[in-house]
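Chemist: Have a look at this one.
In the working numbering, the protein residues as written are 3 to 101.
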């Protein structure tokens with residue numbers, strides 16, 4: 003480690019830390035020069051980024067599901083309004099063939 007009062011750059015995330023710190027304040031990697039803990043911190047960051055990607059994918063799927071439900075609801079309401087304007091006695095009457 004460097005002398006007291008100096009700055010040390012974390013090998014895992016690049017954050018600047020005080021030299022008296024034993025671990026990085028962002029990724030908690032060891033600043034004493036242990037390469038094993040630095041690679042563990044990098045793999046931990048990779049795991050967290052993978053979790054973020056999964057959450058974003060789930061969020062997109064939920065947004066699509068909500069949009070689909072609202073679209074179906076809006077189409078049904080629009081169909082009912084058109085049937086009401088045309089004077090049809092009910093939505094099922096739209097399927098009847100005129101005799």
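Cβ atoms here follow ideal geometry from the backbone N, Cα and C, with glycine treated the same way. If you're wondering where the values come from, they're calculated on a predicted model, not measured in any experiment.
Which same chain residues, not among the five before or five after residue 27, have their C-beta less than 8 Å away from its C-beta?
Modeler: The residues are 17 and 19.
Chemist: Going by the beta-carbon positions, is the gap between residue 29 and residue 47 smaller than 8 Å?
Modeler: Yes; because the gap between Cβ atoms is below 8 Å, this pair is in contact.
Chemist: Can you give the beta carbon distance from residue 44 to residue 14, rounded, assuming they're within the 8 Å contact cut?
Modeler: Yes, residue 44 and residue 14 are in contact; Cβ-Cβ is about 5 Å, under 8 Å.
Chemist: Please list the terminal residues of the continuous beta strand (DSSP E) segment that includes residue 102.
Modeler: The structure shown does not extend to residue 102, since the chain spans only 3 to 101, so no value can be given for it.
Chemist: By DSSP's criteria, residue 9 is part of a beta bridge. Which residues make up the other side?
Modeler: Answer is 20, bridged to residue 9.
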